[in-house]
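One structure is given below, encoded as structure tokens.
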Amino acid sequence: MGLWGGRFTGQTSDLFKEFNDSLPVDYRMAEQDIIGSVAWSRALASVNVLTADEQQKLEAALNALLAEVQADPKVILQSDAEDIHSWVEGKLIDAVGDLGKKLHTGRSRNDQVATDLKLWCRKQGEELSELLAALIDALVTLAEREQDTVLPGYTHLQRAQPVTFAHWCLAYVEMFERDKQRLANALELMNASPLGCGALAGTAYAIDREALAQDLGFARATRNSLDSVSDRDHVLELLSVASISSVHLSRMAEDIIFYNTGEAGFLEMGDEVTSGSSLMPQKKNPDAMELIRGKAGRVVGSLTGMMVTMKALPLAYNKDMQEDKEGLFDTVDTWSICLKMAILCIESIKVNKERTYQAAQQGYSNATELADYLVAKGIPFREAHHIVGRAVVGAIAANKPLEDMPIAELKTFSDQIEDDVYQHLTIEACLEKRVAKGGTSKEQVKAALAAYKK
Ligand code: ARG
1 MGLWGGRFTG QTSDLFKEFN DSLPVDYRMA EQDIIGSVAW SRALASVNVL
51 TADEQQKLEA ALNALLAEVQ ADPKVILQSD AEDIHSWVEG KLIDAVGDLG
101 KKLHTGRSRN DQVATDLKLW CRKQGEELSE LLAALIDALV TLAEREQDTV
151 LPGYTHLQRA QPVTFAHWCL AYVEMFERDK QRLANALELM NASPLGCGAL
201 AGTAYAIDRE ALAQDLGFAR ATRNSLDSVS DRDHVLELLS VASISSVHLS
251 RMAEDIIFYN TGEAGFLEMG DEVTSGSSLM PQKKNPDAME LIRGKAGRVV
301 GSLTGMMVTM KALPLAYNKD MQEDKEGLFD TVDTWSICLK MAILCIESIK
351 VNKERTYQAA QQGYSNATEL ADYLVAKGIP FREAHHIVGR AVVGAIAANK
401 PLEDMPIAEL KTFSDQIEDD VYQHLTIEAC LEKRVAKGGT SKEQVKAALA
451 AYKK
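Be aware that the sequence shown starts at 1, since it is given in UniProt numbering, and climbs by one per residue.
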């Protein structure tokens, strides 16, 4: 006797079965399906559909099944059940006989799958939040170590103004902090139990859905049964948080790939996260970072895929929605391994302070300082900007940094330039001037580090 066999006399085709079955994907929700089923059996007992004794028998059998699947989730894949819900029900009937057939009273796979998936999202979300915290820790540790390391800051990939390496680290800390917050917001919004909404119209048993929600660790029960079984916002949100975070990871990866080039030589990544070439013995490739950069594409693709699957779906449940899991599971796995990999890479980084300092000295990244110097002497900024632009052209022609130009030469651009100009042109002066909140001065970076450590 199948799940829905009574209405049918003919056989389903093998191709349809293969096409329709979701067990190969949703077997990963076995734990959640069993936990949800235990809670449902208690709800049924509360409205006298099950006796206390029957409920206890079901709960014991479900717990035994839980231990079984936790020991080896892949055994599920040997079954030809349609999905994880029918697999659990089938196993229960195998274990306790006809009593097992009572469990699905008043429940539909529609509220069941919605509940399972939310429970799954919550569990994964909590793990991902811990991984984000660990990545933030790794970046804060690197920032602490590299507080005095000067790094050229770029705009348009042109050297712009010097910053510290710590300041760079803390920029990514900000992004991953926001991801963590976004994830927490998403988890809070999805913290409502759809169980007890039936197929679409609600369940015909007077179950206390709030108590049932509490039993499953949800903050509350959902409010509308039609919405409850057809809502996949939590999937979209998790995919969206993962996509934004993967974009952050890919930007960090790109910076590191660039810093690691022979041309830049700002840092070296550890042997444990790099690979060699089969042909060119000198190579040490930043594969881990390139994969992080690349995998972001697949994550964003899953978000797009699910958005388009949900678009214009009529209420309530439609089988289209079964497509929600493959992309979500893959995204969660991908995001999670990328975070782990990023932590390992960050921990392995060795910064070459001399190279970053030299690079920050080149590229006229103290030109703004010269303009500010002229402003202090009473020249309006726009005019100062123009004067310094001409001075930079002169310095390029002389093949020298601004600070190596003799005073007589500098004076040809403005007679306001005096001997005291040189102290403003050092990298240290450039850095120390950025004292307003969020700037790269030592004081500000220290304050930021202290705040993260709290
Ligand atoms: N395997 C299905 C899914 O993942 C379970 C829900 C089936 N509901 C239905 N009405 N056919 O969406």
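Ideal Cβ placement from N, Cα and C applies to all residues, glycine included.
Owing to the predicted nature of the structure, the values given are computational and were not obtained by experimental measurement.
Use the C-beta contact count for residue i: other C-beta atoms within 10 angstroms, 16 or more gives buried, fewer gives exposed.
| i | result |
| --- | --- |
| S13 | exposed |
| I407 | exposed |
| E89 | buried |
| Q78 | exposed |
| T9 | exposed |
| A384 | buried |
| M306 | buried |
| I396 | exposed |
| V173 | buried |
| A253 | buried |
| K453 | exposed |
| E443 | exposed |
| N366 | buried |
| F176 | buried |
| T261 | exposed |
| S278 | exposed |
| V300 | buried |
Would you call the CB atoms of residue i and residue j closer than 8 Å?
| i | j | result |
| --- | --- | --- |
| I256 | P281 | no |
| H167 | V351 | no |
| M289 | C345 | yes |
| I207 | S46 | yes |
| Y422 | V392 | no |
| L431 | E403 | no |
| L117 | M29 | yes |
| V229 | N110 | yes |
| A264 | A359 | yes |
| L66 | K102 | no |
| Y205 | G106 | yes |
| R145 | L187 | no |
| Y317 | L239 | no |
| Q124 | V332 | yes |
| A436 | L170 | no |
| V235 | D179 | no |
First and last residue of the beta strand (DSSP E) that includes residue i?
| i | result |
| --- | --- |
| P162 | Q158 to T164 |
| V150 | V150 to T155 |
Nearest to residue i by alpha carbon, out of the options?
| i | options | result |
| --- | --- | --- |
| L151 | A371, E418, Q361 and K400 | Q361 |
| F413 | K437, I379 and T426 | I379 |
| Y357 | K437, A316 and V163 | V163 |
| E326 | N318, Y317 and L303 | L303 |
| Q70 | A95, I34, T51 and F165 | I34 |
| T115 | D227, K102 and I427 | D227 |
| I244 | N399, L99, T261 and L339 | L339 |
| L216 | A253, N191 and E18 | N191 |
| T203 | S278, Q158 and Q112 | Q112 |
| L328 | R178, D94, D233 and K17 | D233 |
| A95 | S108, C121, A61 and H104 | A61 |
| N63 | I93, E31 and L267 | E31 |
| E237 | G262, S277, D98 and L189 | L189 |
| K411 | I427, E428, V388 and N399 | V388 |
| K353 | L267, N20, E144 and T309 | L267 |
| F258 | G153, P314, D320 and S278 | G153 |
| residue 455 | A447, A450, T440 and A448 | With the chain running from 1 to 454 in the structure shown, residue 455 is simply not present. |
| K93 | L3, S108 and F19 | Per the sequence shown, residue 93 should be read as Ile rather than Lys. If we check each option's Cα against that of I93, L3 comes out closest. |
| L119 | H386, V75, G36 and Q158 | G36 |
I need the boundaries of the alpha helix (DSSP H) containing residue i, first residue and last residue.
| i | result |
| --- | --- |
| P24 | L23 to D26 |
| V273 | Careful: V273 lies outside any alpha helix (DSSP H) and carries neither H nor E. |
| T12 | Per DSSP, T12 belongs to no alpha helix (DSSP H) and is neither H nor E. |
| C121 | R109 to R145 |
| Y373 | A367 to A376 |
| G394 | F381 to A398 |
| L239 | D233 to Y259 |
| F329 | D324 to S348 |
| E82 | Here E82 belongs to no alpha helix (DSSP H), and DSSP marks it neither H nor E. |
| K433 | Note, K433: premise wrong, no alpha helix (DSSP H); not H, not E. |
| R223 | Per DSSP, R223 belongs to no alpha helix (DSSP H) and is neither H nor E. |
| K453 | K442 to K453 |
Can you check whether the C-beta of residue i is within less than 8 Å of a C-beta belonging to chain D?
| i | result |
| --- | --- |
| I76 | In the displayed structure, chain D is absent; only one protein chain is listed. |
Validate contact between the region 217 to 226 and the region 189 to 205 using beta carbons, cut 8 Å, 3 pairs: Flag = yes, the region 217 to 226 and the region 189 to 205 touch.
The region 51 to 70 contacting the region 34 to 43, beta-carbon criterion three pairs below 8 Å: yes
At least three beta-carbon pairs within less than 8 Å, the region 210 to 219 to the region 138 to 155: Taking 8 Å as the limit for Cβ pairs, the verdict is that the region 138 to 155 does not touch the region 210 to 219.
The region 21 to 28 contacting the region 76 to 85, beta-carbon criterion three pairs below 8 Å: Contact between the region 21 to 28 and the region 76 to 85 is present, because at least three Cβ pairs lie under 8 Å.
Meets three-Cβ-pair contact criterion under 8 Å: the region 413 to 433 and the region 369 to 376: Counting C-beta pairs with one atom in each stretch, the region 413 to 433 and the region 369 to 376 have three or more that are closer than 8 Å, which means they touch.
Any 3 or more C-beta pairs closer than 8 Å across the region 127 to 134 and the region 183 to 190: yes
Stretch pair the region 291 to 298 + the region 238 to 258: three plus CB contacts closer than 8 Å: yes
Cβ pair count under 8 Å reaching 3, the region 330 to 348 against the region 269 to 279: Segments in contact, yes.
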